[in-house]
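Take a look at the structure below.
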Amino acid sequence: MGYIKEKFKVKADDLNVEVKDLVKNHGTKKIEDVTVAQVYQGMRGITGIVTETSLLDANEGIRFRGYSIPELREHLPKAPGGAEPLPEGLFYLMLIGELPTEADVQYLSAMWGRRSHVPNHVFDAIEALPISTHPMTMFTVGIMALQTESAFAKAYAEGINKKDYWSYMYEDTMNLIARLPRIAAYIYRRKYKGGQHIQPNGMLDWAGNFAHMLGYSDEGFKELMRLYMVIHADHEGGNVSAHTTHLVGSALSDAYLSFAAGMNGLAGPLHGLANQEVIKWILSMREELGGGMPTKEQIEAYVRKTLSDGKVVPGYGHAVLRKTDPRFTAQMEFAKKHLPNDELVKIVWTVYETVPPILQELGKVKNPWPNVDAHSGALLVHYGLVEYEFYTVLFGVSRALGVLASLCWDRGLGLSLERPKSVTTEWMKQFVEGK
Ligand code: FCX
Numbered sequence: 196m197g198y199i200k201e202k203f204k205v206k207a208d209d210l211n212v213e214v215k216d217l218v219k220n221h222g223t224k225k226i227e228d229v230t231v232a233q234v235y236q237g238m239r240g241i242t243g244i245v246t247e248t249s250l251l252d253a254n255e256g257i258r259f260r261g262y263s264i265p266e267l268r269e270h271l272p273k274a275p276g277g278a279e280p281l282p283e284g285l286f287y288l289m290l291i292g293e294l295p296t297e298a299d300v301q302y303l304s305a306m307w308g309r310r311s312h313v314p315n316h317v318f319d320a321i322e323a324l325p326i327s328t329h330p331m332t333m334f335t336v337g338i339m340a341l342q343t344e345s346a347f348a349k350a351y352a353e354g355i356n357k358k359d360y361w362s363y364m365y366e367d368t369m370n371l372i373a374r375l376p377r378i379a380a381y382i383y384r385r386k387y388k389g390g391q392h393i394q395p396n397g398m399l400d401w402a403g404n405f406a407h408m409l410g411y412s413d414e415g416f417k418e419l420m421r422l423y424m425v426i427h428a429d430h431e432g433g434n435v436s437a438h439t440t441h442l443v444g445s446a447l448s449d450a451y452l453s454f455a456a457g458m459n460g461l462a463g464p465l466h467g468l469a470n471q472e473v474i475k476w477i478l479s480m481r482e483e484l485g486g487g488m489p490t491k492e493q494i495e496a497y498v499r500k501t502l503s504d505g506k507v508v509p510g511y512g513h514a515v516l517r518k519t520d521p522r523f524t525a526q527m528e529f530a531k532k533h534l535p536n537d538e539l540v541k542i543v544w545t546v547y548e549t550v551p552p553i554l555q556e557l558g559k560v561k562n563p564w565p566n567v568d569a570h571s572g573a574l575l576v577h578y579g580l581v582e583y584e585f586y587t588v589l590f591g592v593s594r595a596l597g598v599l600a601s602l603c604w605d606r607g608l609g610l611s612l613e614r615p616k617s618v619t620t621e622w623m624k625q626f627v628e629g630k
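Residue numbers 196 to 630, in our numbering, belong to the letters of the sequence shown in order.
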């Protein structure tokens with residue numbers, strides 16, 4: 196057994212004892228009341244899931260095992276000559292709960308490199324889809340085709356002890372994370388680069404190699420991918436992709452089935468697809484205005500038109516956050532350092548000055564500030580990755596780190612099948628009438 200796996204087992208066993216004690220001694224303690232509005236309005240604010248990997252504060256933003264994004268950028272190991280954190284380090288932190296050493300990160304890079312082989316039938320399944328298929332659909336099809344490789348599914352079919360579920364989940368997690376960049380890059384090169392695929396470079400880190408397989412050799416793009424893969428990885432457990440992965444996983448579906456389900460949620464425009472919607476929205480605004488840099492007044496008029504057409508302003512608002520998303524700020528800092536004069540980036544920044552007061556005026560938008568998706572597209576376009584329908588796939592590769600580390604914890608803690616109670620509106624009417 197590898198030392199990270201052993202370490203995880205020790206941590207999970209320890210926490211298991213604590214959780215059993217919590218449930219035994221405080222199991223009947225009430226966390227909060229649930230209102231009728233919460234039941235109808237997406238269960239906002241109801242504490243109902245345990246996710247160990249990260250915790251979201253409405254004002255401060257995400258913390259991964261207690262570390263904010265600026266702290267991760269400072270403390271996590273970097274690639275040689277690089278300044279951005281390596282996603283391997285974040286994965287280690289989420290899984291083990293401690294900051295990794297350089298050696299831990301190198302161990303993970305090498306392990307994922309060794310496990311990255313994708314069987315041909317996965318590419319065949321992707322090839323069977325029309326080229327016009329959305330990249331996110333190709334992505335989930337690729338993940339589903341890879342399910343043939345699930346160590347858990349095989350072991351379960353043969354019959355295993357409950358106590359060993361975590362071990363197979365760990366193996367599936369490591370294999371799936373190792374293989375996702377290859378699948379994603381394959382989809383990109385198939386759809387946009389005439390099927391000219393690029394073989395992996397075993398000398399590179401996970402995100403650097405992903406950039407390489409996508410066809411981008413610029414060191415700046417590799418750094419962007421490292422940052423991108425870190426900031427999109429996890430956002431506690433209630434968001435659609437994390438919650439879906441956890442929910443499907445609770446039926447003992449393996450990592451492939453669970454993650455593919457989560458990715459179908461990420462593909463929704465109110466969630467991960469918003470990153471493509473943002474750049475689409477900015478590009479159509481620029482086109483409508485005849486190109487060039489729009490003024491604040493022109494942006495304001497375009498925002499108002501978007502709203503009066505009954506559409507949302509993509510990249511703004513959040514179900515939990517109530518301040519500018521630190522993931523937006525991290526990308527803004529990256530842009531200030533690497534591409535301060537980029538026109539699209541400047542538009543993103545002017546949109547940032549313009550949109551919040553207009554959304555505030557509406558009086559109903561709980562958070563008028565930008566989220567992670569408001570900035571990412573402009574950075575990608577700068578380096579030449581202009582095919583915005585692909586952006587959510589990048590988000591998906593990153594999201595695997597958080598949701599799969601969480602699935603390992605779900606199995607490590609032996610969490611139950613998720614099965615909340617639902618009611619009908621008839622039931623609700625009788626309830627409010629006190630019947
Ligand atoms: N533009 C216009 N209207 C907005 C808005 C926006 N950006 N954000 C919220 N609103 C509206 C809602 O549509 C809702 O209107 P309604 O009462 O007429 O239905 C009202 O304001 C209250 O919504 P609110 O409680 O503030 O927000 P929710 O928790 O319901 O929804 C999302 C949160 C993120 C879905 C919402 O703000 C939105 O649609 N934003 C645009 C899409 C987006 O950027 N999604 C990415 C989010 C995230 F970062 C991710 O998961 O990737």
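From the three backbone atoms N, C-alpha and C, an ideal C-beta is built for every residue, glycine too.
Does the Cβ-Cβ distance between residue i and residue j come in under 9 Å?
i: L638; j: Y351; result: In this structure the chain extends from 196 to 630, so residue 638 is not present and cannot be described.
i: M527; j: A428; result: no
i: V540; j: V508; result: no
i: P563; j: G512; result: yes
i: G433; j: G243; result: yes
i: I494; j: V435; result: no
i: K204; j: G486; result: no
i: I338; j: M488; result: no
i: V317; j: I378; result: yes
i: L409; j: L580; result: yes
i: M364; j: R310; result: no
i: L602; j: S453; result: yes
i: E621; j: Y451; result: no
i: R258; j: G292; result: no
i: L267; j: I199; result: no
i: A437; j: V598; result: yes
i: E418; j: F585; result: no
i: M623; j: V229; result: no
i: A340; j: D319; result: yes
Closest to residue i by C-alpha separation, out of the options, would be which residue?
i: R594; options: H392, S263, M527 and P376; result: P376
i: M398; options: A305, T332, F334 and T242; result: A305
i: T149; options: E613, E255, L554 and K532; result: In the structure as shown, the chain starts at 196 and stops at 630, and residue 149 therefore has no counterpart that could be examined.
i: G277; options: E247, E414, P395 and G197; result: E414
i: R522; options: A340, N470 and V618; result: N470
i: V543; options: G337, A348, W476 and V588; result: W476
i: A346; options: S362, T587 and S311; result: S362
i: K634; options: P275, H392, E472 and A373; result: Residue 634 falls outside the range modelled here, since the chain spans only 196 to 630, and no answer is possible.
i: A569; options: K559, Y578 and A525; result: A525
i: L575; options: V229, L422, L554 and L516; result: L422
i: E538; options: L217, Y578 and H513; result: Y578
i: Y387; options: T246, H329 and A348; result: H329
i: E297; options: Y365, D400 and R258; result: D400
i: P325; options: K206, I382 and E366; result: I382
i: I474; options: L442, A320 and T587; result: T587
i: D449; options: W307, G292 and E366; result: E366
i: D520; options: G197, S571 and L599; result: S571
i: V425; options: L285, T335, E621 and G403; result: L285
i: L516; options: M196, G256, F590 and L452; result: G256
i: F590; options: A380, G237 and T223; result: A380
i: L478; options: K624, A573, D319 and N211; result: A573
i: E483; options: E492, Y497 and N254; result: Y497
i: S611; options: E492, V214 and Y287; result: V214
i: T501; options: L554, I321 and Y235; result: L554
i: R385; options: Q233, S327 and P464; result: S327
i: N254; options: K624, K518, G292 and E556; result: K518
i: A373; options: Q391, K358 and F405; result: F405
i: L294; options: D359, P272 and N315; result: P272
i: G609; options: K349, Y287, Q394 and H441; result: H441
i: L465; options: A514, D504, K358 and S503; result: A514
i: A308; options: I321, D216, A402 and G197; result: Note on identity: in this sequence residue 308 is Gly, with Ala being the wrong assignment. Ranking the options by Cα distance to G308, first place goes to A402.
How should residue i be labelled, buried or exposed, when 16 other C-beta atoms within 10 angstroms of its C-beta is the threshold for buried?
i: P280; result: buried
i: N566; result: buried
i: R239; result: exposed
i: V313; result: buried
i: A323; result: exposed
i: E269; result: exposed
i: F626; result: exposed
i: E247; result: buried
i: G139; result: Residue 139 lies beyond the residue range present for the chain, which begins at 196 and ends at 630; the question has no answer from this structure.
i: H430; result: buried
- Item | Continuous beta strand (DSSP E) assignments of at least 3 residues falling wholly in the segment 370-452 | none
- Those runs of the alpha helix (DSSP H) which lie wholly inside the segment 268-317 and span at least 4 residues: 282-291 and 297-309
- Please list the segments of the alpha helix (DSSP H) lying wholly inside the segment 197-222, counting only runs of 4 or more residues, in order along the chain. 198-221
- Please list the segments of the alpha helix (DSSP H) lying wholly inside the segment 522-582, counting only runs of 4 or more residues, in order along the chain. 538-557 and 568-577
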